[in-house]
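Letter by letter, the sequence shown follows residues 0 to 514 in numbering that gives the first Met the number 0.
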Amino acid sequence: MAERVQPISLSTLGGAAVVALLLVLTLGTLGAVAWRAEEVSALSNNDWSAVRFNLWQAALSAVLSAVCAIPVARALARRQFRGRGVLLTILGAPFILPVIVAVLGLLAVYGRSGIISDMLIWAGLEPISIYGWHGVVLAHVFFNLPLATRLILQGWLSIPAERFRLAQSLGFTSRDIMRHLEWPMLREVLPGVVMVIFLICTTSFAVALALGGGPKATTIELAIYQAFRFDFDLSKAALLGLVQFAICALLALASLGISVPSGQGAGLDRVVPRNDGSVVIDTIAIGVVALFLITPLAMIVAKGVPGLFELNLGILGAAWRSVWVAVASAILTIVMALALALLSRKWGRGVEAVGYLSVAASPLVIGTGLFILTYRWIDPVLLALPVTVVVNAAMSLPFTLRALSPALRQVEDDYGRLASSLNLSGWARLRIVLLPRLRRPLGFGAGLAAALSMGDLGVITLFADPTRATLPLTLYNLMTAYRMDQAFAAALVLLALSLTLFWLFDRGGRVDADV
C-alpha cells in the first residue's frame with residue numbers, strides 16, 4: 000500500500016519563516032548598508048588594530064567568565080540553602096542591566112573616585128583607574144559571569160539525580176564525581192558557553208565607548224560607530240560589519256562541532272540531596288562572586304533611592320512602553336527559539352547555526368540597514384516600537400537557543416522513540432513530552448529576553464520619537480542632561496522592572512526544581 004504524502008507541518012513553516020527573518024535582519028541589513036555606500040575603501044592600520052584588540056579582549060573575557068563560573072555553578076548545584084532562589088535572581092542582575100547603568104555602578108566601585116580608590120588613598124596608596132583594556136575586560140566579566148553561571152548550572156542540573164545517588168552508594172569522592180559525571184557534562188556545555196560570551200564581547204559597544212576608546216582599546220563596534228557618527232563612511236562601516244560578522248559566524252559554526260555529548264542518559268526527574276565536596280570551598284566561591292557582582296548594584300541602589308521622589312510622570316509612560324515591548328519580545332523569542340530548535344531536528348544543526356547569526360551582527364548596522372530599507376515607504380518613527388520588539392527578540396535568541404537546544408536534543412534522545420511508538424506527534428508531542436521537560440530553559444530564556452529588552456538602548460535610538468521613548472532612552476537623555484540624581488533614580492526603576500520581569504518568567508522554570 001502506497002504511503003500518503005505528508006503535508007508540511009506548521010512547525011516546519013514557522014521554522015522556515017524564522018530563518019528567513021534572521022537572514023533579512025543580519026545579511027539583508029548588512030547588504031543594504033553596503034549598497035548605499037558610494038565607494039569601497041580599504042581598512043586602515045587603526046581599523047585592523049581594532050580587530051585584533053576586539054578578538055583579544057573577547058577571548059580573555061570569555062575564558063575568565065567561564066572559568067570563574069565553574070566553581071560557582073558547582074556550588075549552587077550541590078548546595079541547598081534558604082534564599083538560594085533569590086540569590087540566583089540577584090546574580091543574574093548584571094547581565095540584564097542596561098550597560099551604561101552598570102558601568103556607572105562599576106565606576107562607583109572601581110573608578111578613581113570609587114570606594115576602592117578611596118580606601119587606597121586612605122591607606123596612602125595611589126588610586127586605581129578603570130579606563131583601558133583592563134576596564135573593558137572587568138566590565139565584560141561582570142556582565143557575563145552570571146550568564147556563564149546560569150548556563151553551566153543548567154548543565155549540572157541536567158545530570159540525572161540517580162547518577163549521584165549511585166555515586167554515593169559506590170563511595171565516590173568529590174574528585175571521582177568530577178571525573179565520571181561532571182567533567183563529561185562540562186565538555187559538552189563549556190564550548191557553547193565560551194562561544195556565546197565571546198560573541199557578546201565581540202559585539203559590545205557601550206562598554207568600549209565608556210571604558211575603552213583610544214587606539215589601544217577600540218573595538219570593531221566602536222570603530223563602526225565612529226565611521227557612522229563622525230565620518231558617515233558607510234563603506235567602511237559595512238566593511239567593518241562584514242569583518243565582524245565573518246569572525247563571529249565562523250566561530251559559531253565551529254563551536255557546533257566542538258561539544259562532545261555527555262551520554263548521561265535519562266532519569267526520573269527527581270532531586271537527590273547532595274553532600275559531596277567541601278562546604279567551606281563552596282561558600283567561599285559563592286560569597287566572593289556575590290560580593291563582586293552585588294557591590295556595584297548596591298551602589299546604584301544607594302545613589303538612586305534619594306532621587307525617586309523627583310521623578311516626573313513621564314517616566315511612567317516610558318516604563319509602560321518598555322514593559323510591553325519587553326513582554327512582546329520575550330514571547331517572540333520563545334516562539335522563534337522553539338521553531339528553530341524543532342526545525343533543526345529535521346533539517347540538521349545548520350538551521351540552529353542561523354539562530355546565532357544575530358549575535359554576530361552589529362546592532363548599529365542592523366538599525367541603519369532597516370532605516371535604509373524602510374524610510375522611502377513609511378515613516379521610521381511609526382515602526383520604532385515594533386522594530387525594537389523584533390530586533391530585541393533576534394538579539395536575545397542566541398542565549399535562549401543555547402539553553403534550549405541541548406535540552407531538546409536530550410529529551411528527544413531519551414523519550415523520542417517511546418513518543419513515536421505511542422504515535423505522539425505535533426501539538427500532542429509538544430504538550431505531553433517536550434514542554435514539561437523544557438520548563439527550565441524556556442523560563443530562563445523568556446526571563447532573559449524580557450530583561451535584555453527592558454534595558455536595550457540600540458535600534459530604538461535610531462527610530463524613536465522623543466515623546467514615545469522607552470525607559471532606557473529616557474535614562475540616557477537624563478544622563479546627557481547631567482541630571483544625575485534623576486538618572487540614578489530612573490536606573491533604579493529600570494533595574495527593578497528588569498529583575499521583576501526576569502523573576503516572573505523564570506519562576507515557572509526555576510532551576511531549583513524542588514520548589
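We treat Cβ as the ideally placed atom computed from N, Cα and C, and that holds for glycine.
Beta-carbon proximity list for residue i, same chain, < 8 angstroms, skipping 5 on both sides
{"i": "alanine 468", "result": "Ala317, Arg320, Ile459 and Asn476"}
{"i": "glutamate 351", "result": "Leu255, Leu339, Ala340, Ser343, Leu400 and Ser404"}
{"i": "isoleucine 314", "result": "Leu470, Thr473, Ala489 and Val492"}
{"i": "valine 140", "result": "Ser60, Leu63, Ser64 and Cys67"}
Cβ neighbour criterion (16 or more within 10 Å) applied to residue i
{"i": "asparagine 391", "result": "buried"}
{"i": "glutamine 485", "result": "buried"}
{"i": "lysine 345", "result": "exposed"}
{"i": "glycine 82", "result": "exposed"}
{"i": "methionine 298", "result": "buried"}
{"i": "methionine 118", "result": "exposed"}
{"i": "valine 380", "result": "exposed"}
{"i": "leucine 496", "result": "buried"}
{"i": "tryptophan 34", "result": "exposed"}
{"i": "serine 420", "result": "exposed"}
{"i": "tyrosine 224", "result": "buried"}
{"i": "leucine 238", "result": "buried"}
{"i": "tyrosine 374", "result": "exposed"}
{"i": "proline 435", "result": "exposed"}
{"i": "tryptophan 155", "result": "buried"}
{"i": "alanine 122", "result": "exposed"}
{"i": "aspartate 378", "result": "exposed"}
{"i": "alanine 480", "result": "exposed"}
{"i": "glutamate 181", "result": "buried"}
{"i": "valine 279", "result": "exposed"}
{"i": "glutamate 309", "result": "exposed"}
{"i": "aspartate 230", "result": "exposed"}
{"i": "phenylalanine 80", "result": "exposed"}
{"i": "arginine 178", "result": "exposed"}
Cut-off 7 angstroms between Cβ atoms - residues of its own chain near residue i, not counting five sequence neighbours on either side
{"i": "alanine 68", "result": "Leu144, Ala147, Thr148 and Ile151"}
{"i": "threonine 294", "result": "Val108"}
{"i": "leucine 106", "result": "Gly113 and Ile129"}
{"i": "tryptophan 323", "result": "none"}
{"i": "alanine 402", "result": "Leu150, Gln153, Pro440, Phe443 and Gly444"}
{"i": "phenylalanine 197", "result": "Ala57, Ala58, Ala61 and Leu250"}
{"i": "alanine 450", "result": "Ile95, Ser497, Leu500 and Phe501"}
{"i": "proline 126", "result": "Arg111, Ser116, Leu119 and Ile120"}
{"i": "valine 17", "result": "Met335, Ala338 and Leu339"}
Residue i: first and last residue of the uninterrupted alpha helix (DSSP H) it sits in
{"i": "proline 362", "result": "362-373"}
{"i": "tryptophan 376", "result": "Unbroken run through tryptophan 376: none, as it is neither H nor E."}
{"i": "glutamate 181", "result": "It is not in any alpha helix (DSSP H) - glutamate 181 carries neither H nor E in the DSSP assignment."}
{"i": "serine 497", "result": "483-506"}
{"i": "glycine 354", "result": "No alpha helix (DSSP H) contains glycine 354, which DSSP labels as neither H nor E."}
{"i": "leucine 63", "result": "44-77"}
{"i": "glycine 442", "result": "438-453"}
{"i": "isoleucine 223", "result": "219-225"}
{"i": "valine 23", "result": "First-last for valine 23: undefined, no H or E at that position."}
{"i": "alanine 207", "result": "205-210"}
Among the options, nearest to residue i - alpha-carbon criterion
{"i": "leucine 75", "options": "Ala488, Asn53, Ser277 and Ser420", "result": "Ser277"}
{"i": "alanine 490", "options": "Thr373, Pro97 and Leu105", "result": "Pro97"}
{"i": "asparagine 53", "options": "Val136, Val353, Ile120 and Ile89", "result": "Val136"}
{"i": "leucine 503", "options": "Thr217, Trp155 and Val85", "result": "Val85"}
{"i": "leucine 87", "options": "Thr202, Thr473, Ile285 and Ala61", "result": "Ile285"}
{"i": "valine 32", "options": "Gly366, Thr202 and Leu441", "result": "Gly366"}
{"i": "alanine 72", "options": "Val287, Ala222, Val300 and Ala19", "result": "Val287"}
{"i": "tryptophan 47", "options": "Gly240, Met194 and Arg78", "result": "Gly240"}
{"i": "glutamine 153", "options": "Ala406, Asp281 and Ile371", "result": "Ala406"}
{"i": "histidine 133", "options": "Val300, Ile333 and Leu63", "result": "Leu63"}
{"i": "glycine 306", "options": "Leu356, Ala237 and Met483", "result": "Met483"}
{"i": "aspartate 413", "options": "Ile377, Ala393 and Ile158", "result": "Ile158"}
{"i": "glutamine 409", "options": "Asn45, Ser203, Met184 and Leu189", "result": "Met184"}
{"i": "alanine 325", "options": "Ile199, Val388, His139 and Pro70", "result": "Val388"}
{"i": "alanine 207", "options": "Ala222, Val193, Met194 and Val195", "result": "Ala222"}
{"i": "alanine 49", "options": "Thr218, Leu310 and Ile333", "result": "Thr218"}
{"i": "leucine 363", "options": "Leu29, Thr11, Gly13 and Val23", "result": "Leu29"}
{"i": "alanine 506", "options": "Val102, Met478, Arg77 and Arg438", "result": "Alanine is not the amino acid found at residue 506; the sequence shown has arginine there. The shortest Cα separation from arginine 506 among Val102, Met478, Arg77 and Arg438 belongs to Arg438."}
Nonlocal neighbours in the same chain, by C-beta distance under 6 angstroms from residue i, ignoring five residues either side
{"i": "lysine 302", "result": "Phe487"}
{"i": "leucine 59", "result": "Val136"}
{"i": "phenylalanine 227", "result": "Ala236"}
{"i": "alanine 360", "result": "Thr25 and Phe244"}
{"i": "valine 353", "result": "Val18 and Leu21"}
{"i": "leucine 447", "result": "Phe398"}
Problem set entry | Any alpha helix (DSSP H) of 4 or more consecutive residues that is wholly inside the stretch 271-320 | 278-303, all fully within the stretch 271-320.
Exercise. Where in the stretch 80-134 do unbroken runs of the alpha helix (DSSP H), each at least 4 residues long, occur, reported from the N-terminal end onward?
Worked result: 83-90, 92-95, 98-109 and 114-121
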